[in-house]
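Notes follow once the structure below has been shown.
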Amino acid sequence: PEMIIEKTGYGAGKRDIESIPNLFRVVMGTGIWDDTGQKSALHKDTVVVMETCIDDMNPEVFGFLMERLFEQGALDVYWIPVFMKKNRPGTMIQVLCRENCKNDLIQCILTETSSIGVRYYDTQRILLPREHVFVTTVYGEIQVKRIIEPGGGVRMVPEYDVCRKIALEKNIPLKVVYDTVAKSL
202 PEMIIEKTGY GAGKRDIESI PNLFRVVMGT GIWDDTGQKS ALHKDTVVVM
252 ETCIDDMNPE VFGFLMERLF EQGALDVYWI PVFMKKNRPG TMIQVLCREN
302 CKNDLIQCIL TETSSIGVRY YDTQRILLPR EHVFVTTVYG EIQVKRIIEP
352 GGGVRMVPEY DVCRKIALEK NIPLKVVYDT VAKSL
(Lines of atoms letter the chains of each structure in order from A and count residues from 1; the text may use other names and numbers.)
(Lines give C-alpha, C1' and ligand atoms only; values in the text may rest on other atoms or scores of the structure.)
Protein backbone atom coordinates (compact mmCIF):
# COMPACT_ATOMS: atom_id res chain seq x y z
CA PRO A 1 0.00 0.00 0.00
CA GLU A 2 1.03 3.62 -0.37
CA MET A 3 2.82 4.57 2.85
CA ILE A 4 5.65 6.43 4.50
CA ILE A 5 8.12 3.63 5.33
CA GLU A 6 9.34 3.69 8.93
CA LYS A 7 11.13 0.30 9.31
CA THR A 8 12.15 -2.65 7.16
CA GLY A 9 13.16 -6.08 8.50
CA TYR A 10 14.57 -9.18 6.80
CA GLY A 11 14.85 -12.77 8.00
CA ALA A 12 15.73 -16.26 6.79
CA GLY A 13 13.92 -19.40 7.90
CA LYS A 14 15.61 -22.63 9.02
CA ARG A 15 13.66 -24.96 6.76
CA ASP A 16 15.03 -25.68 3.25
CA ILE A 17 12.43 -25.36 0.55
CA GLU A 18 13.71 -26.54 -2.82
CA SER A 19 11.45 -24.47 -5.06
CA ILE A 20 11.76 -21.07 -3.33
CA PRO A 21 14.09 -19.33 -0.89
CA ASN A 22 12.87 -19.34 2.72
CA LEU A 23 13.14 -15.58 3.20
CA PHE A 24 10.88 -13.05 4.84
CA ARG A 25 10.65 -9.28 4.60
CA VAL A 26 8.46 -6.97 6.68
CA VAL A 27 7.91 -3.32 5.84
CA MET A 28 6.28 -1.13 8.50
CA GLY A 29 5.00 2.32 7.84
CA THR A 30 2.29 4.87 8.19
CA GLY A 31 -0.36 4.63 5.53
CA ILE A 32 -1.34 7.69 3.62
CA TRP A 33 -4.95 6.62 4.09
CA ASP A 34 -6.81 7.57 7.25
CA ASP A 35 -8.93 5.24 9.42
CA THR A 36 -12.04 5.84 7.31
CA GLY A 37 -10.33 4.71 4.12
CA GLN A 38 -10.03 8.26 2.84
CA LYS A 39 -6.74 9.57 1.53
CA SER A 40 -4.77 11.40 4.21
CA ALA A 41 -3.48 14.95 4.10
CA LEU A 42 -0.48 13.96 1.98
CA HIS A 43 -0.84 14.90 -1.66
CA LYS A 44 0.59 12.97 -4.58
CA ASP A 45 1.21 14.47 -7.98
CA THR A 46 3.28 14.07 -11.12
CA VAL A 47 5.87 16.56 -12.33
CA VAL A 48 8.31 16.65 -15.22
CA VAL A 49 12.07 16.61 -14.56
CA MET A 50 14.20 18.15 -17.32
CA GLU A 51 17.99 17.85 -17.46
CA THR A 52 20.89 18.95 -19.59
CA CYS A 53 24.62 19.16 -18.92
CA ILE A 54 26.79 22.08 -20.00
CA ASP A 55 30.57 22.46 -19.97
CA ASP A 56 31.13 25.22 -22.51
CA MET A 57 29.10 28.23 -21.42
CA ASN A 58 29.94 31.48 -19.68
CA PRO A 59 28.83 30.90 -16.05
CA GLU A 60 27.32 34.39 -15.86
CA VAL A 61 24.45 33.09 -18.03
CA PHE A 62 23.22 30.69 -15.32
CA GLY A 63 21.72 33.40 -13.09
CA PHE A 64 19.81 34.93 -15.99
CA LEU A 65 18.67 31.47 -17.10
CA MET A 66 17.28 30.69 -13.64
CA GLU A 67 15.22 33.88 -13.65
CA ARG A 68 13.84 33.09 -17.12
CA LEU A 69 12.96 29.51 -16.17
CA PHE A 70 11.03 30.63 -13.10
CA GLU A 71 9.24 33.31 -15.16
CA GLN A 72 8.10 30.59 -17.57
CA GLY A 73 6.68 28.28 -14.91
CA ALA A 74 9.51 26.20 -13.44
CA LEU A 75 8.66 24.86 -9.98
CA ASP A 76 12.34 24.53 -9.07
CA VAL A 77 15.73 24.88 -10.76
CA TYR A 78 19.00 23.24 -9.67
CA TRP A 79 22.65 23.58 -10.68
CA ILE A 80 24.48 20.31 -10.06
CA PRO A 81 28.27 20.05 -10.54
CA VAL A 82 29.21 17.14 -12.83
CA PHE A 83 32.25 15.82 -14.67
CA MET A 84 31.64 15.32 -18.34
CA LYS A 85 33.50 13.53 -21.12
CA LYS A 86 37.23 14.17 -21.31
CA ASN A 87 36.97 14.79 -17.53
CA ARG A 88 35.75 18.36 -18.04
CA PRO A 89 33.88 20.02 -15.16
CA GLY A 90 30.36 21.00 -16.10
CA THR A 91 26.96 21.86 -14.68
CA MET A 92 23.81 19.81 -14.88
CA ILE A 93 20.73 21.98 -15.15
CA GLN A 94 17.74 20.24 -13.60
CA VAL A 95 14.28 21.79 -13.80
CA LEU A 96 11.02 20.64 -12.20
CA CYS A 97 7.80 21.73 -13.88
CA ARG A 98 4.25 20.79 -14.69
CA GLU A 99 3.51 19.13 -18.04
CA ASN A 100 1.87 22.26 -19.47
CA CYS A 101 5.14 24.27 -19.10
CA LYS A 102 7.50 21.60 -20.44
CA ASN A 103 7.79 22.78 -24.05
CA ASP A 104 8.30 26.45 -23.14
CA LEU A 105 11.00 25.54 -20.63
CA ILE A 106 12.80 23.26 -23.08
CA GLN A 107 12.72 26.07 -25.63
CA CYS A 108 14.14 28.46 -23.03
CA ILE A 109 17.01 26.10 -22.16
CA LEU A 110 17.87 25.48 -25.81
CA THR A 111 17.69 29.20 -26.64
CA GLU A 112 19.46 30.67 -23.60
CA THR A 113 22.27 28.10 -23.18
CA SER A 114 24.85 26.23 -25.23
CA SER A 115 22.94 22.96 -24.73
CA ILE A 116 22.16 20.87 -27.80
CA GLY A 117 19.57 18.63 -26.12
CA VAL A 118 17.33 18.22 -23.07
CA ARG A 119 16.28 14.96 -21.37
CA TYR A 120 12.92 14.85 -19.61
CA TYR A 121 10.82 12.33 -17.72
CA ASP A 122 7.75 12.23 -15.51
CA THR A 123 8.20 11.52 -11.82
CA GLN A 124 5.87 11.27 -8.84
CA ARG A 125 6.19 13.13 -5.57
CA ILE A 126 4.32 13.29 -2.29
CA LEU A 127 3.72 16.71 -0.79
CA LEU A 128 2.54 18.00 2.53
CA PRO A 129 -0.54 20.22 2.17
CA ARG A 130 0.25 23.90 2.42
CA GLU A 131 -1.44 27.22 2.02
CA HIS A 132 -0.49 30.85 2.15
CA VAL A 133 -1.86 32.75 5.12
CA PHE A 134 -1.28 36.21 6.57
CA VAL A 135 0.06 36.76 10.07
CA THR A 136 0.68 39.90 12.07
CA THR A 137 4.33 40.65 12.87
CA VAL A 138 6.37 43.66 13.95
CA TYR A 139 6.71 44.37 10.22
CA GLY A 140 2.95 44.40 9.75
CA GLU A 141 0.79 41.73 8.20
CA ILE A 142 2.89 39.41 6.03
CA GLN A 143 2.38 36.24 4.03
CA VAL A 144 3.74 32.90 5.34
CA LYS A 145 3.34 29.26 4.35
CA ARG A 146 1.16 27.13 6.65
CA ILE A 147 2.21 23.47 6.30
CA ILE A 148 0.29 20.50 7.72
CA GLU A 149 2.71 17.78 8.88
CA PRO A 150 1.91 14.03 8.64
CA GLY A 151 1.02 13.80 12.34
CA GLY A 152 -1.38 16.72 12.05
CA GLY A 153 0.97 19.36 13.43
CA VAL A 154 1.18 22.75 11.80
CA ARG A 155 4.38 24.49 10.76
CA MET A 156 4.54 28.14 9.67
CA VAL A 157 7.39 29.24 7.40
CA PRO A 158 8.19 32.81 6.34
CA GLU A 159 8.19 33.41 2.58
CA TYR A 160 11.60 34.35 1.18
CA ASP A 161 10.30 37.01 -1.22
CA VAL A 162 8.33 38.74 1.55
CA CYS A 163 11.30 38.71 3.94
CA ARG A 164 13.64 39.91 1.18
CA LYS A 165 11.37 42.85 0.41
CA ILE A 166 11.21 43.83 4.11
CA ALA A 167 15.00 43.54 4.46
CA LEU A 168 15.55 45.83 1.46
CA GLU A 169 12.90 48.36 2.51
CA LYS A 170 14.17 48.59 6.09
CA ASN A 171 17.86 48.17 5.17
CA ILE A 172 18.37 45.31 7.64
CA PRO A 173 19.92 41.85 7.14
CA LEU A 174 17.63 39.19 5.70
CA LYS A 175 18.48 36.79 8.54
CA VAL A 176 17.25 39.37 11.08
CA VAL A 177 13.90 39.57 9.27
CA TYR A 178 13.63 35.73 9.14
CA ASP A 179 14.47 35.38 12.85
CA THR A 180 12.05 38.13 13.88
CA VAL A 181 9.20 36.74 11.79
CA ALA A 182 9.88 33.16 12.96
CA LYS A 183 9.66 34.25 16.61
CA SER A 184 6.25 35.80 16.01
CA LEU A 185 4.83 32.63 14.49
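My numbering applies: residue 202 is where the sequence shown begins, and numbers increase by one.
Even glycine gets a Cβ: it sits at the ideal position worked out from N, Cα and C.
Asked, Found
"Where the alpha helix (DSSP H) containing leucine 266 begins and where it ends", "262-272"
"Rounded separation between valine 355 and cysteine 298 - CA only", "27 Å"
"Start-to-end residues for the alpha helix (DSSP H) that takes in threonine 381", "375-385"
"For threonine 312, three-class secondary structure by DSSP", "helix"
"Cβ separation of glutamate 261 and glutamine 295, assumed to be a contact under 8 Å, to the nearest whole Å", "At roughly 20 Å, the Cβ-Cβ gap does not stay under 8 Å, so glutamate 261 and glutamine 295 are not in contact."
"For glycine 352: DSSP bridge partner residues", "Answer is none; glycine 352 lacks a bridge partner."
"Burial state of valine 227 (16 or more Cβ within 10 Å)", "exposed"
"C-alpha gap between threonine 292 and aspartate 256, whole angstroms", "6 Å"
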